[in-house]
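I have placed the structure first, in the form of structure tokens, so that the comments after it can refer back to it.
Number of protein chains: 2
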Amino acid sequence: MTANEFDIIDKYFKRLRVESNAVVLGPGDDCAVLSIPTGHELCVSTDTLIEGVHFPEDAPAEIAVSRTMAANLSDLAAMGAEPHAFVLAITMPSADERWLESCSEELSRNIQQYAIPLVGGNLAKGELSLTVTVMGTVPAGESITRSGAKPGDEVYVTGSLGDAAKGLELQRSGIEEGFLVDRYRAPTPRLQAGMGLRGLASAMIDISDGLMSEVGHICASKGYGAEIMMDAIPLSAELLKATELVTATRMALFSGDDYELCFTAAPSKREAIKALSGKLGLPMSRVGLIVDEPGINVRRADGSALPHDMTGYQHF
Amino acid sequence: MTANEFDIIDKYFKRLRVESNAVVLGPGDDCAVLSIPTGHELCVSTDTLIEGVHFPEDAPAEIAVSRTMAANLSDLAAMGAEPHAFVLAITMPSADERWLESCSEELSRNIQQYAIPLVGGNLAKGELSLTVTVMGTVPAGESITRSGAKPGDEVYVTGSLGDAAKGLELQRSGIEEGFLVDRYRAPTPRLQAGMGLRGLASAMIDISDGLMSEVGHICASKGYGAEIMMDAIPLSAELLKATELVTATRMALFSGDDYELCFTAAPSKREAIKALSGKLGLPMSRVGLIVDEPGINVRRADGSALPHDMTGYQHF
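If you're matching them up, the sequences are chains A and B in order. Per my numbering, the first sequence runs over residues 17 to 332. Per my numbering, the second sequence runs over residues 17 to 332.
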């Protein structure tokens with residue numbers, strides 16, 4: 017160790033301060049003090065990413081930071097919330113100056129891009145991990161929960177699925193760049209889509225553990241089920257170039273890390289969703305239907321059901 | 017591992033849900049949704065405690081949880097904020113059922129005692145650590161920062177200092193109970209005192225790294241200094257029974273973990289502070305004075321300055 021906690025914060029994190037109406041008092045006191053716009057509620061989520069589990073060992077700091085930020089911001093997106101502020105707790109084995117410099121740069125990029133100020137943090141000695149607690153605001157009563165879906169609602173996903181799973185595979189084989197690897201390394205939280213879907217989506221969740229698992233969460237609370245049309249699942253041209261259709265589909269259904277949104281909406285919202293998709297330049301694909309019966313079936317074009325298990329990613 | 021993340025949450029954390037006006041939507045969705053009372057600001061802080069660093073290896077879960085909660089709630093106290101909600105990220109090497117059971121019980125005790133709902137969390141595989149992000153509310157403009165002290169303001173501390181340092185020493189020698197050990201294991205965040213000091217204290221900080229270090233933080237931003245009266249530093253009878261006066265004083269000045277509050281106030285506030293202290297049954301001892309000159313001197317009764325260094329606890 018060459019520096020203490022205060023020195024490290026001064027050197028690498030002080031520069032990250034930005035002006036924001038949200039922030040009455042920034043980092044450096046016992047707490048940050050935030051103002052919350054009148055008539056709004058606060059959405060809060062926390063996510064820890066650990067070296068060797070959620071990002072590769074000896075990965076560049078950019079990957080650790082961008083994946084941690086994406087995982088957290090994606091939770092805001094999935095509520096329809098607007099980014100407000102975040103705090104970051106880092107544990108690291110030693111004060112690695114190169115890592116800290118890259119970490120600071122990538123944080124700065126995220127702070128600018130998503131207009132979300134870093135308002136506090138903690139630095140402690142331990143194995144490398146990042147815990148972000150993210151806060152967002154939403155007009156009171158307009159947050160989009162997981163539990164609002166009804167039978168007859170249609171199931172949508174944003175973007176394309178399975179890319180991050182293939183990207184991780186490629187990265188493990190030594191490939192460091194390209195669309196698929198980037199989709200794993202620096203996923204895009206779908207914040208504009210999430211906010212745009214207020215009043216349109218009846219339920220929403222982000223896809224961190226695989227589509228099947230997330231649709232399961234949407235159905236679980238009410239005992240509903242879903243019919244998913246295999247052919248409708250959006251697969252990128254890059255994924256289809258890199259792997260066979262059957263593998264690509266499996267990755268899209270069961271692999272996580274894409275951080276796209278899965279949402280449901282009444283059929284009457286189709287046109288509005290199409291318009292939003294066009295405005296944002298982000299595909300929103302209708303992939304299925306919520307039904308009254310429990311269980312999630314993936315149907316081939318001929319109507320036959322694909323065998324599957326529903327475990328998704330196991331954290332333990 | 018015998019259980020996955022969702023099973024563990026179901027078994028040990030679901031029972032922790034409590035009714036609260038603060039909570040529009042509790043744990044289990046992408047985010048919790050909180051309502052913030054009109055005219056209030058939100059105070060936010062995050063703190064990580066790691067096994068073997070911030071609590072002893074193989075310590076009972078109660079110690080890990082109570083110390084993590086105290087460290088975080090104490091940050092709210094130091095702003096004059098009222099507890100509103102918290103999220104908890106745990107990393108642990110395996111799903112240790114006994115540890116999880118004790119963890120859940122101690123969390124429940126904290127949730128009840130401090131009327132603060134747990135609204136979200138994260139569970140991941142890693143070395144044992146707990147990261148809490150705590151949120152509190154304060155009437156807009158009334159939070160008490162570190163930077164508001166002026167020369168002529170008097171320096172106060174709540175409770176008694178040095179107990180936790182001695183408690184840790186005793187615990188390391190195998191002593192498992194008693195006032196001093198409890199002061200280390202389960203410090204009391206001074207929330208009522210913090211809230212009561214709104215409008216009275218000009219600056220406030222919690223004592224996690226030792227009185228000298230904290231007074232240093234209060235003085236640092238404006239380049240002020242302080243004169244501390246050694247004889248006025250509150251030492252508990254238990255500490256004085258367990259160690260010599262000189263050691264007790266050193267612990268009070270330089271050791272952390274007491275989670276008492278250090279605050280400054282104009283001399284005109286003496287009576288009001290005395291009244292608050294009486295009402296809460298919590299000593300608030302006047303221990304010094306803010307001065308125009310940088311540097312913090314500890315004076316013996318004869319006026320001579322105690323030699324000291326000002327490093328406090330080094331996190332790295």
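The beta carbon of each residue, even a glycine, is placed where N, CA and C say it ideally should be. Here the structure is a predicted model, which means the values were calculated and not measured.
Report the partner residues of B:S301 according to the DSSP bridge assignment. B:V173
Just checking: is the beta-carbon of B:C59 within a distance shorter than 8 Å of some beta-carbon in chain A? yes
Give me the DSSP bridge partner(s) of A:P43. A:D45
Beta strand (DSSP E) segment containing B:N88, residue limits: No beta strand (DSSP E) contains B:N88, which is instead part of the alpha helix (DSSP H) from 77-93.
For a cutoff of 8 Å on Cβ pairs, would you count B:V231 as touching chain A? no
Whose C-alpha, out of B:C278, B:M246, B:A264, is nearest the C-alpha of B:D318? B:M246
Reducing DSSP to helix, strand and coil, say where A:A105 ends up. strand
Please list the residues of the region 137-148 of chain A that have a C-beta atom closer than 7 Å to any C-beta atom in chain B, keeping them in chain order. G137, N138, L139, A140, K141, G142, E143, S145, T147
Spatial neighbours of A:N138 within its chain, please: C-beta separation below 6 Å, excluding the five flanking residues on both sides. A105
So, for A:L89: in the same chain, excluding its five sequence neighbours on each side, which residues have a beta-carbon less than 7 Å away from its beta-carbon? P99, Y130, V150, P205, L207
Enumerate in chain order the residues of its own chain whose CB-to-CB distance from A:K182 is below 7 Å, with the five nearest sequence positions on each side excluded. L196, L255, A258, T259, M267
Considering Cα atoms alone, identify which of B:R199, B:E192, B:K285 is closest to B:A219. B:K285
Distance, A:G68 Cα to A:P310 Cα: 36 Å
Provide the residue(s) that pair with B:A281 in DSSP beta bridges, ordered along the chain. B:E170
Give me the DSSP bridge partner(s) of A:N138. A:A105
Using DSSP with H/G/I as helix, E/B as strand and the rest coil, what is B:D273? coil
In whole angstroms, what is the alpha-carbon distance linking A:A94 and A:L32? 26 Å
Could you tell me which chain A residues have their CB closer than 7 Å to the CB of B:M300, listed as they occur along the chain? Result: empty, since nearest Cβ-Cβ is about 18 Å, beyond 7 Å.
Quick one: give me the first and last residue of the beta strand (DSSP E) that A:E243 is part of. 241-245
Listed by chain order, chain D residues near B:S159 by CB distance under 8 Å: Going by chain labels, chain D is absent from the structure shown, which instead holds the protein chains A and B.
With a threshold of 7 Å on Cβ separation, who are the neighbours of A:Y200 within its own chain once the five nearest residues in sequence on each side are excluded? A180, G183, L184, Q187, D273
Assumed close pair A:F102, A:V148 - CB separation to whole angstroms, cut-off 8 Å: 6 Å
Closest to A:T265 by CA distance: which of A:P323, A:A242, A:A288 is it? A:P323
Let me see if you follow: with CB-CB separation under 8 Å, is B:T280 close to chain A or not? no
If you draw a straight line from the C-alpha of B:P53 to the C-alpha of B:T153, how long is it? 8 Å
By Cβ distance, which residues of its chain are closer than 6 Å to A:A165, with the 5 residues on each side in sequence left out? S218, A219, I234, T280, I306
Considering only residues of the same chain and omitting the five flanking positions on each side of A:P155, which have a CB-CB separation below 7 Å? G55, H56
With DSSP collapsed to three states, give me the class of B:T62. strand
Could you name the residues of the same chain whose beta carbon sits closer than 6 Å to that of B:V49, not counting the 5 residues immediately before and after it, in chain order? V40, L41
In the DSSP assignment, what residue or residues form a beta bridge with B:A219? B:T280
Strand pairing of B:H56, partner residues [DSSP]: B:P155
Cα-Cα, which of B:S229, B:S145, B:G190, B:S237 is closest to B:T161? B:S237
Determine, using beta carbons only, whether A:M95 comes closer than 8 Å to chain B. yes
Could you tell me whether any Cβ in chain A is nearer than 8 Å to the Cβ of B:V34? no
Positions along the region 197-226 of chain B whose CB lies within less than 8 Å of some CB in chain A: M220, I221, D222
What does DSSP give as the partner residue(s) for B:F29 in the beta ladder? In DSSP, B:F29 forms no bridge with anything.
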